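Following our numbering, the numbering of the sequence shown begins with 8 at its first residue and continues without gaps.
Every residue, glycine too, gets a C-beta built ideally from N, C-alpha and C.
Note that the coordinates shown come from a computational prediction; the quantities given were computed from them, not determined experimentally.
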Amino acid sequence: MNSLVKTWAEELGFVACGFVRARKMTETLEPLKEYIARGYNADMGYLERNIEARIDPSLLLPGVKTLLVFLAPYRQKESQPEGLPKIATYAWGLDYHIVIRNKLYEIVRRIRNIVPELKARVFTDSAPILERLWAKEAGLGFIGKNGFLISREHGLHNLIGIILVDVEMDYSLSLDIKGGCGTCRRCLDACPSGAIVEPFVVDSRKCISYQTIESKKKFCDEEYCIDRKGYIFGCDICMDICPWVNRAKYSEWNEFAPLFSEKTGKKIVEFSKEEWMALSEEYFAELFINSPLKRAGLSKIKDNLEP
8 MNSLVKTWAE ELGFVACGFV RARKMTETLE PLKEYIARGY NADMGYLERN
58 IEARIDPSLL LPGVKTLLVF LAPYRQKESQ PEGLPKIATY AWGLDYHIVI
108 RNKLYEIVRR IRNIVPELKA RVFTDSAPIL ERLWAKEAGL GFIGKNGFLI
158 SREHGLHNLI GIILVDVEMD YSLSLDIKGG CGTCRRCLDA CPSGAIVEPF
208 VVDSRKCISY QTIESKKKFC DEEYCIDRKG YIFGCDICMD ICPWVNRAKY
258 SEWNEFAPLF SEKTGKKIVE FSKEEWMALS EEYFAELFIN SPLKRAGLSK
308 IKDNLEP
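In structure tokens:
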């Protein structure tokens, strides 16, 4: 079954696939509670809920035996023109939740052709599950000091998809990845707001991604007022500075290429501040209907354009 799943994953564009036995990650419970106690989750209250489910996949799928973990590449060959409002690369194209989830469902469908009674659930940043840690345990990489999964072969610009299944797999095909950041601290030093307060720990209150997407407050009202370095949605600074970033090939997933606006004749990464400010709610809803930017909304993005 492993070889079949790996073949299907490659056909669907995933650059890596691993298999890990389901277990309760008890060792993560106290660090997670400490993270929340320090307020590092900011006002993302959902991180405080379902803590037990985050460490125990059997609470997401009773009887789960295996986690199938996949990496979807999104690194783009082009870059945004200098001086324009910046968008994190993962958000240039279609919403990865939709794109990856559909591909995972296709893999589930194919497995069910062989195991009709299969019970399965699919996730991509959509449920209380420790995706990066499971990807590490599946042999797909190591956790960097910036908190991201780093693959020796595929760098950092990868999104993670997970399938929980109630069947045993061959776990011997998962590689034991050795690696780490060593003495490197480029990401800590490069973060303009000091959000990486110590290796592997990010204070969301100081994070540009949190501030431009999740925070419901205006920046001037924030206790933590930060320089957003031109970003209006997300941030790539701590990833782009990483020495491992160039290990990745450019993504061949057309879904992650920059959205194009017929109305302006431009890709969204080419929009000026004035063009963003001129967008109406109606056209924003039309253009970004299947985009990650929909999460923030036009009003939030316009707030982010202000210095």
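Straight-line gap, residue i to residue j (C-alpha atoms, nearest Å)
i    : j    : result
P69  : T14  : 27 Å
E91  : A49  : What sits at residue 91 in the sequence shown is Leu, not Glu. The alpha-carbon atoms of L91 and A49 are separated by roughly 28 Å.
E55  : K307 : 24 Å
I244 : E124 : 45 Å
K256 : G154 : 21 Å
I114 : W99  : 25 Å
R117 : A127 : 12 Å
I58  : E282 : 42 Å
V106 : D196 : 34 Å
A44  : S222 : 19 Å
C242 : T73  : 33 Å
N261 : T33  : 39 Å
Paired residues, beta bridge with residue i - DSSP
i    : result
E167 : The amino acid at residue 167 is misidentified as Glu; the sequence shows Ile. I167 is bridged to L78.
W208 : The sequence as given places Val at residue 208; Trp does not occur at that position. E205.
I157 : F149
K273 : S268
R28  : T73
V172 : T73, A127
Y238 : K93
Per-residue burial, residue i [other beta carbons within 10 Å of its own, 16 or more giving buried]
i    : result
I296 : exposed
S86  : exposed
M246 : buried
G151 : buried
Y112 : exposed
C194 : buried
D234 : exposed
A292 : exposed
L300 : buried
L305 : buried
R119 : exposed
L101 : buried
K294 : Sequence check: residue 294 is Leu here, not Lys. It is buried - the Cβ of L294 has at least 16 other Cβ atoms within 10 Å.
K224 : exposed
Beta-carbon spacing of residue i, residue j below 8 Å
i    : j    : result
V122 : V204 : no
L67  : A134 : yes
A303 : I215 : no
N9   : L78  : no
L75  : I157 : no
I275 : L266 : yes
T131 : Y103 : yes
G162 : V252 : yes
S211 : Y47  : yes
L312 : K280 : yes
S258 : P88  : no
F21  : M176 : no
R61  : I136 : yes
F240 : A95  : yes
What are the complete beta strand (DSSP E) segments, minimum 3 residues, inside the stretch 86–147? Taking only runs of at least 3 residues, the beta strand (DSSP E) segments lying wholly in the stretch 86–147 are 127–130.
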